[in-house]
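Reminder that position 11 of the sequence shown reads as 113 in the numbering used here, one-by-one numbering, no gaps. All C-beta atoms, glycine included, are put in the ideal place defined by N, C-alpha and C. Structure, as structure tokens:
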Amino acid sequence: MNERHTFDSVHPQSTSHLIMKRSIPVVPVLIGPQIPRHEREETHERYCRALLTLFVPWRSVQDLRA
């Protein structure tokens, strides 16, 4: 059975949403603009920002800046 976890009580969707840990691993498919290329100097910062938001747990922008 999938594990279920609730959001923190201050989260705006804490009363209507929850997080489920899947029992079978899945690979997420991103929909939207392509992640910027890391080789280009003009897009390197946007590339880093995109990876931070995907792979580092965060609750606010300040968590990512620490």
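Element boundaries [alpha helix (DSSP H), containing residue i]
| i | result |
| --- | --- |
| HIS146 | 146 to 157 |
Backbone CA spacing between residue i and residue j [nearest angstrom]
| i | j | result |
| --- | --- | --- |
| ARG106 | ARG142 | 41 Å |
| PRO138 | THR155 | 13 Å |
| ASP165 | HIS113 | 15 Å |
| ARG148 | GLN136 | 11 Å |
| LEU120 | ARG161 | 15 Å |
Beta strand (DSSP E) segment containing residue i, residue limits
| i | result |
| --- | --- |
| ARG142 | Here ARG142 belongs to no beta strand (DSSP E), and DSSP marks it neither H nor E. |
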